[in-house]
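Going down the list, the sequences are from chains A and X. For the first sequence, counting from 1, position 180 maps to 180 in the working numbering; every step adds exactly one. For the second sequence, counting from 1, position 36 maps to 36 in the working numbering; every step adds exactly one. Positions of the beta carbon are idealized from the N, C-alpha and C atoms, including for glycine. So the structure is just underneath, and the comments pick up after that.
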Amino acid sequence: MARQITAPATARAAAQAARRPQRMNGAQVLMEALRREGVEIMFGHPGGASLPIYDAIYDADHLRHVLVRHEQVAAHAAVGYARASGRVGVCTATSGPGATNLITGITDAMMDSIPIVAITGQVPRPVIGNDAFQEADVTGITMPITKHNSLVMDPRDIPRAIHEAFYLARTGRPGPVLVDIPRDVSQEMIEPRFPDEISIKGYKVVLDGSPSQIAAAAEALSGAERPVIYAGGGIINAEAGAELTALMERTRIPTVLTVMGKGAVDETNPLCLGMVGMHGSAYANWAINDADVILAVGVRFDDRVTGRLKDFAPRARFIHIDIDPAEIGKNKPAHIPIVGDAKRVLAVLIGQIRPPQIDAWWKQIDAWRERHPFRYRQGSDRVSHQYVCDLLNRLTGGRAIMVTDVGQHQMWAAQWYRPREPRSFITSGGLGAMGFGFPAAMGAKFACPDRQVVAVVGDGGFMMTMQDLGTAVEHGQSLPIIILNNGTLGMVRQWQTFFYRGRLSSSILKNPDFARLAEVFGARGIRVERPEQVEPALREALTTEGRPCVVDVMCDPEENCLPMIPSGQSVKEMILDE
Amino acid sequence: MSEPHAATISVLVQNQAGVLVRVAGLIRRRGVNIHSLSVGPTEDEGVSRMTIVVDTPPDKTESFAKQLRKLVEVLRATAIDDIPTVDRELALVKVNATPGTRMEIMEIANVFRANIVDLTDKTMTLEVTGRTDKVDAIISLLTKYGIREMARTGQVTLARGSQNT
């Protein structure tokens with residue numbers, strides 16, 4: 001069980017150290033810098049090069065350290081924590097293999113613009129470059145997958161490196177920042193000086209959009225006949241959900257969301273058409289296709305949304321709001337580019353816009369929505385994945401934090417789960433990293449212990465990180481983990497069925513009994529084989545207190561995720577029904 | 001997609017360990033081919049200038065400069081396609097030269113205002129400075145004598161006039 005790491009005498013010493021300059025070692029300086037950043041929790045796994053850091057953690061009573069069983073989980077949990085809370089997630093690993101195990105989670109944070117700080121141990125300075133035991137060039141390896149990284153070669157630089165890391169991670173377009181600290185830097189005694197403010201010469205963030213561009217955008221939207229708002233994760237990061245909702249309600253402009261933007265507005269609002277893209281709703285995709293003006297905000301025109309670029313919204317003029325200038329015009333030219341913070345820009349835009357005349361447009365959209373809603377058939381025999389997702393939506397009222405893994409179940413969850421507010425749908429969007437779901441749900445639960453957090457995973461993805469059931473049990477997490485178990489790598493199997501003549505190459509799994517496995521870990525485990533068992537099992541999982549509850553639901557292995565716009569194609573090629 | 005062409009991007013970077021790797025890594029990751037890349041100090045001690053000539057479609061050059069600006073160490077990145085510039089490159093060319101061909105080569109050097117910086121009984125080494133097309137031109141003339149080896153600095157560029165690059 002968890003050991004309380006607080007040692008009152010040393011805690012007092014640390015508190016005193018915070019008040020006046022005092023000699024401390026690099027690792028203690030690191031703890032003080034984390035305290036000043038308000039870090040309350042970090043996810044990590046110790047090792048040789050990070051032993052001094054862990055020795056300082058032993059005394060850091062302001063900081064809760066969650067020992068994970070694999071560093072990949074630490075990074076995913078930090079992401080889940082950041083996405084649920086809006087704060088910076090922190091993970092740590094030792095040099096070499098510890099650090100390389102963080103890579104998938106760091107890349108996920110990069111792709112989805114999630115603020116995390118990764119702190120890695122490094123071999124001592126004198127042996128760097130000598131192929132020492134557990135040495136890896138971690139700053140070199142992580143250059144393309146971090147917003148920024150640094151190798152601290154002087155303990156006096158630790159405060160600046162840490163405060164810069166947090167500042168870079170959370171400002172502008174958020175992202176992961178890695179700080180690599182050699183073991184002897186962590187051990188060296190210094191008198192630290194903590195900077196009062198951070199100023200980074202080559203880093204500027206433009207927050208306020210150009211007034212003339214915003215005026216042009218308001219004009220274009222006010223006169224539009226078939227406008228659409230296309231909103232993404234940038235809304236969540238900018239905490240701009242209220243502004244987007246106000247804009248949508250004031251103008252009645254149909255609003256589609258990317259998978260990263262889910263929950264940006266209350267998805268039960270009929271003005272919201274749900275998810276757009278490869279597995280988005282048919283009506284959201286048709287609306288984009290026919291739109292004359294598109295307000296794209298906090299999105300990056302990802303290929304899973306656009307399909308073939310030249311056929312994406314071919315008649316539309318694009319207004320593109322983003323905090324990252326490099327996203328504007330990257331994939332699709334913007335007619336009205338606006339660089340700025342979504343919250344600020346939308347707030348100004350609302351004041352200038354006249355609701356457009358779009359009754360005819362809504363008539364069209366409602367007809368599409370009526371003709372092609374999401375639908376499934378739940379027979380009496382095999383359990384439909386969609387039935388489980390639909391039921392989870394109904395049982396939680398869209399008020400839980402739904403965290404998914406990657407694959408078919410992820411898209412079904414995105415289709416059926418209708419979050420009522422931001423930060424309530426967490427998924428590996430850009431990277432599509434299997435193994436993400438359960439650890440990210442753990443991180444979200446640590447961030448929001450009083451909210452219902454639900455992990456929905458596939459059998460394939462769960463196997464990638466399930467060892468950390470040990471961690472969730474250790475911390476007594478009330479966490480339902482719903483496995484939509486079809487005994488296959490479902491999305492791979494679906495593509496093989498559709499595009500590779502049904503040749504199911506290495507996509508069928510031989511699984512253990514996950515419910516029994518969960519019990520062995522000390523979690524609750526429930527196996528579901530028949531449709532009528534689903535609802536009682538979900539209800540039990542949602543109310544299990546003090547330990548995770550794994551519900552292993554045997555699902556129909558032949559169910560396909562539709563609608564689907566095949567990769568690289570357009571809405572014209574959308575597959576609607578089997 | 002339009003045809004790639006050589007675009008020049010001038011980049012001011014903080015003079016820190018690893019910055020060249022970051023810039024080069026970003027260029028590679030975005031699938032862009034480097035023609036030349038030159039780095040050197042500037043009037044500001046902590047700042048270096050990189051002049052990078054890359055193959056990008058004209059409509060992607062600015063987008064590429066924006067990606068470079070996202071690197072924290074990059075202080076400024078300017079795509080200098082459309083503004084008047086001064087461009088220079090330096091080349092050292094070691095060419096076969098017998099007593100019989102020496103005069104001819106010196107004449108070529110004269111025309112191109114190249115300096116003879118070394119001489120042996122078998123070779124001459126020329127130093128030529130100018131725009132890349134001028135350097136290309138003298139190299140093509142010298143090819144027939146047999147170029148033994150050559151080193152080029154890559155292009156360096158500043159904007160003409162009083163404004164900064």
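Asked                                                                                                                                                                                                   : Found
Can you list, in chain order, the residues of its chain with a C-beta nearer than 7 Å to that of valine 453/A? Leave out the 5 residues immediately preceding and following it.                         : Ala400, Ile401, Val403, Ala441, Ala444, Lys445 and Leu479
Which chain X residues sit within Cβ distance under 8 Å of alanine 326/A?                                                                                                                               : Ser63, Lys66, Gln67, Arg69 and Lys70
Closer than 8 Å by C-beta to methionine 275/A: which residues in its own chain qualify, once you throw out the five before and the five after it? Chain order, please.                                  : Val256, Leu257, Thr258, Val259, Lys262, Ser281, Ala284, Ala414 and Gln415
Locate the beta strand (DSSP E) running through arginine 569/A, then write down its first and last residues.                                                                                            : Sequence inspection shows glutamine at residue 569/A; the arginine mentioned does not correspond to that position. It is not in any beta strand (DSSP E) - glutamine 569/A carries neither H nor E in the DSSP assignment.
Among the residues of its own chain, which have a CB less than 7 Å from the CB of isoleucine 138/X, if the five just before and after it don't count?                                                   : Ile108, Phe112, Ala114 and Val128
Can you check which of these residues, Pro58/X, Leu68/X, Glu45/X and Ala6/X, is closest to leucine 20/X by C-alpha distance?                                                                            : Leu68/X
How would you label isoleucine 27/X, buried or exposed, when you count the other beta carbons within 10 angstroms and need 16 or more for buried?                                                       : buried
Output yes or no for whether 7 Å exceeds the beta carbon distance between valine 299/A and valine 553/A.                                                                                                : no
Lysine 343/A: buried (16+ other C-beta within 10 angstroms of its C-beta) or exposed?                                                                                                                   : buried
Between phenylalanine 514/A and isoleucine 483/A, which are expected to be in contact by the criterion C-beta below 8 Å, what is the C-beta distance as a whole number of angstroms?                    : 6 Å
If you follow the beta strand (DSSP E) that alanine 242/A is part of, which residue opens it and which one closes it?                                                                                   : Run containing alanine 242/A: none in the beta strand (DSSP E); it sits in the alpha helix (DSSP H), 241 to 251.
Give a yes or no on whether 7 Å exceeds the smallest Cβ distance from lysine 204/A to chain X.                                                                                                          : no
Confirm, please, whether the CB-CB distance from serine 222/A to isoleucine 353/A is below 7 Å.                                                                                                         : yes
Taking the straight line between their C-alpha atoms, what separation do you get for aspartate 184/A and proline 155/A?                                                                                 : 9 Å
Is there a Cβ from chain X that is less than 7 Å from the Cβ of proline 115/A?                                                                                                                          : no
Can you find a CB in chain A that lies within less than 7 Å of the CB of arginine 22/X?                                                                                                                 : yes
Starting from the C-beta of threonine 120/A, find all residues in its chain whose C-beta is less than 6 Å away, skip the five residues before and the five after it, and write them out in chain order. : Ala93, Ala99, Val138 and Asp180
Decide if proline 439/A is buried, meaning its Cβ has at least 16 other Cβ atoms within 10 Å, or exposed.                                                                                               : buried
Under 7 Å Cβ-Cβ, which residues of chain A neighbour glycine 25/X?                                                                                                                                      : Met143 and Pro144
Report the residue from His62/A, Asp59/A, Arg64/A and Gly96/A whose alpha carbon sits nearest the alpha carbon of glycine 48/A.                                                                         : Gly96/A
Applying the criterion that 16 or more other CB atoms from any shown protein chain within 10 Å of the CB defines a buried residue, is glutamine 28/A buried or exposed?                                 : buried
Consider the Cβ of histidine 148/A: report whether some Cβ of chain X lies at a distance smaller than 7 Å.                                                                                              : yes
Would you please state the rounded distance, in angstroms, between the beta carbons of cysteine 555/A and histidine 372/A? I believe it to be under 8 Å.                                                : That pair is no contact at about 23 Å.
Quick check on this structure: which residue in Met463/A, Glu474/A, Ala217/A and Arg369/A has the alpha carbon closest to the alpha carbon of proline 355/A?                                            : Ala217/A
Against chain A, does leucine 75/X count as a neighbour if the rule is that its beta carbon must be under 7 Å from one of theirs?                                                                       : yes
Name the chain X residues whose beta carbon is nearer than 8 Å to that of threonine 139/A?                                                                                                              : Gly18
Report yes or no: do three or more beta-carbon pairs, one from the segment 29 to 42 of chain X and one from the segment 304 to 319 of chain A, lie closer than 8 Å?                                     : no
Closer than 6 Å to a non-hydrogen atom of the ligand FMN - does that hold for the CB of isoleucine 138/X?                                                                                               : Of ligands this structure carries none, so the ligand FMN is not represented either.
What's the gap between the Cα of alanine 84/A and the Cα of aspartate 82/X?                                                                                                                             : 46 Å
For glutamine 43/A, which residues does DSSP report across the bridge?                                                                                                                                  : Note on residue identity: the sequence assigns phenylalanine, not glutamine, to residue 43/A. Partner(s): Val66/A and Cys91/A.
Looking at the structure shown, is arginine 152/X part of a helix, part of a strand, or coil, going by DSSP?                                                                                            : strand
Mind checking the segment 309 to 339 of chain A against chain X and listing, in chain order, the residues whose C-beta falls within less than 9 Å of any C-beta there?                                  : Asp324, Pro325, Ala326, Glu327, Ile328, Gly329, Lys330 and Pro333
Compare the C-beta of arginine 29/X against all C-beta atoms of chain A and say whether one is closer than 7 Å.                                                                                         : yes
What first and last residue would you give for the alpha helix (DSSP H) that runs through arginine 170/A?                                                                                               : 158 to 170
Any idea if threonine 6/A is buried or exposed, counting beta-carbon neighbours within 10 angstroms, 16 or more meaning buried?                                                                         : Low confidence applies to threonine 6/A: its pLDDT is 44, below 50, so where it sits in the model is not reliable, and the reading given next is rough at best. Threonine 6/A comes out exposed.
Can you give me the start and stop residues for the beta strand (DSSP E) that glutamine 14/X sits inside?                                                                                               : 5 to 14
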